[in-house]
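To start, the structure itself, in structure tokens.
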Amino acid sequence: MTNSEPRPTSNALNGLAAHPNQDLGITLQELVLESVDLDDFLANLATLAAITLFSSSNAVSCGVTVITRKKGIIGASSDERVGALDQLQIDFGDGPCLTALRHNSVVLVVDSRHESRWGDYMEAVWRNGIGSILAVPLDLAGEADAVVNLYSTTPHGFSGPDITAAEEFAGSAAKSLRLALMISQLRNARDDLTAAMQSRSTIDTAVGIVMAQNRCGRDAAFKVLTRASNSRNVKLRDIAANVIASVSGETDPAPYFDE
Numbered sequence: 336m337t338n339s340e341p342r343p344t345s346n347a348l349n350g351l352a353a354h355p356n357q358d359l360g361i362t363l364q365e366l367v368l369e370s371v372d373l374d375d376f377l378a379n380l381a382t383l384a385a386i387t388l389f390s391s392s393n394a395v396s397c398g399v400t401v402i403t404r405k406k407g408i409i410g411a412s413s414d415e416r417v418g419a420l421d422q423l424q425i426d427f428g429d430g431p432c433l434t435a436l437r438h439n440s441v442v443l444v445v446d447s448r449h450e451s452r453w454g455d456y457m458e459a460v461w462r463n464g465i466g467s468i469l470a471v472p473l474d475l476a477g478e479a480d481a482v483v484n485l486y487s488t489t490p491h492g493f494s495g496p497d498i499t500a501a502e503e504f505a506g507s508a509a510k511s512l513r514l515a516l517m518i519s520q521l522r523n524a525r526d527d528l529t530a531a532m533q534s535r536s537t538i539d540t541a542v543g544i545v546m547a548q549n550r551c552g553r554d555a556a557f558k559v560l561t562r563a564s565n566s567r568n569v570k571l572r573d574i575a576a577n578v579i580a581s582v583s584g585e586t587d588p589a590p591y592f593d594e
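Those letters in the sequence shown? Residues 336 to 594, per the numbering used here, in order.
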């Protein structure tokens with residue numbers, strides 16, 4: 336590796352650095368397994384793309400942009416400069432990677448100095464030392480939309496073989512990203528279920544307290560809590576937590592309801 340080459344940031348990437356001929360599929364599988372969440376996986380994926388497609392004659396940086404129904408636009412990059420350019424493109428609402436996403440096709444900027452599309456963005460790209468861009472969409476089979484954005488410091492940085500290599504990388508990366516998205520959805524569902532169970536437990540406890548204090552049935556006690564929640568525009572769980580706190584003596588909240 337040269338000093339300008341991206342640095343590994345995970346065990347899988349460290350393994351790739353130590354064994355450059357390691358199968359890409361294996362490395363991607365390891366990234367999925369060791370990433371703590373989707374954001375971590377995308378950051379590692381961007382770094383892996385930069386390492387894999389880097390050459391001594393073409394210093395490549397990478398950004399990954401993903402659009403999901405639940406989280407909207409999320410992304411990661413192999414370095415801060417690329418991250419800023421990806422974000423700037425999103426702020427402009429148009430650019431190579433967004434065009435690649437919309438049309439599901441590869442977009443190549445041969446020379447940012449003479450690119451007629453996306454004028455303001457291209458000016459910013461050139462000012463930041465980027466000579467050419469290659470945006471390659473990932474086929475996620477409807478799970479989400481994603482694109483790998485490759486940035487070269489030199490004009491004409493991406494030849495035919497470079498484009499082919501990027502497309503092959505994107506094909507392999509898409510499978511791992513789909514798996515990472517599925518795992519993220521399962522984690523979110525688990526967290527939502529855990530939160531719901533915790534809220535239910537808190538509310539049930541508060542209902543019991545109200546029943547005891549007001550000598551009423553469960554339905555009447557629940558109505559007391561929901562009426563307080565609606566009138567004060569406070570979540571039912573928070574109302575319930577305050578009821579419990581008032582009995583336990585941990586805090587001295589103002590009364591939230593009257594029978």
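The beta carbon of each residue, even a glycine, is placed where N, CA and C say it ideally should be.
Item, Value
"Alpha carbon to alpha carbon, how far is residue 397 from residue 593? Give it in angstroms, no decimals.", "Model confidence at residue 593 stands at a pLDDT of 45, short of 50, so the residue's coordinates are unreliable; what they give is reported in the following sentence. Answer to the nearest angstrom: the Cα atoms are 60 Å apart."
"Since I believe residue 480 is in contact with residue 509 (beta carbons under 8 Å), could you give me their beta-carbon distance rounded to a whole number of angstroms?", "Rounded, the Cβ-Cβ distance is 11 Å, inconsistent with contact."
"Is the Cβ-Cβ distance between residue 483 and residue 500 less than 7 Å?", "no"
"Taking all protein chains shown into account, do 16 or more other C-beta atoms lie within 10 angstroms of the C-beta of residue 578, making it buried, or fewer, making it exposed?", "buried"
"Could you check the C-alpha separation between residue 545 and residue 409 for me, to the nearest Å?", "44 Å"
"Quickly, what does DSSP pair residue 393 with across the bridge? List them, please.", "390"
"Pop quiz: residue 490 and residue 445 are said to be a contact at Cβ under 8 Å. What is the actual Cβ separation, rounded to whole angstroms?", "7 Å"
"From what residue to what residue does the alpha helix (DSSP H) around residue 418 run?", "415-427"
"Among all the DSSP beta bridges, which residues are the ones paired with residue 576?", "According to DSSP, residue 576 bridges with nothing at all."
"Taking only the alpha-carbon atoms, compute the straight-line gap between residue 561 and residue 520 and give it to the nearest angstrom.", "31 Å"
"Using DSSP bridges, identify the partner residues of residue 484.", "398 and 470"
"I want to know whether the region 404-419 touches the region 440-458 - three or more CB-CB distances under 8 Å.", "no"
"May I ask which residues mark the beginning and end of the beta strand (DSSP E) holding residue 412?", "407-412"
"For residue 376, which option in 528, 575, 515 and 541 has the closest C-alpha, if you only look at C-alpha atoms?", "515"
"What residue range does the alpha helix (DSSP H) around residue 367 cover?", "359-369"
"Quick one: measure Cβ to Cβ for residue 388 and residue 512, integer angstroms, because I've assumed they're closer than 8 Å.", "Actually they are not in contact, since the Cβ atoms of residue 388 and residue 512 sit about 16 Å apart, beyond 8 Å."
"Within 10 angstroms of its Cβ, does residue 415 collect 16 or more other Cβ (buried), or is it exposed?", "exposed"
"Using a Cβ-Cβ cutoff of less than 7 Å, which residues in the same chain neighbour residue 571 once the five nearest sequence positions on both sides are dropped?", "538, 560, 561 and 564"
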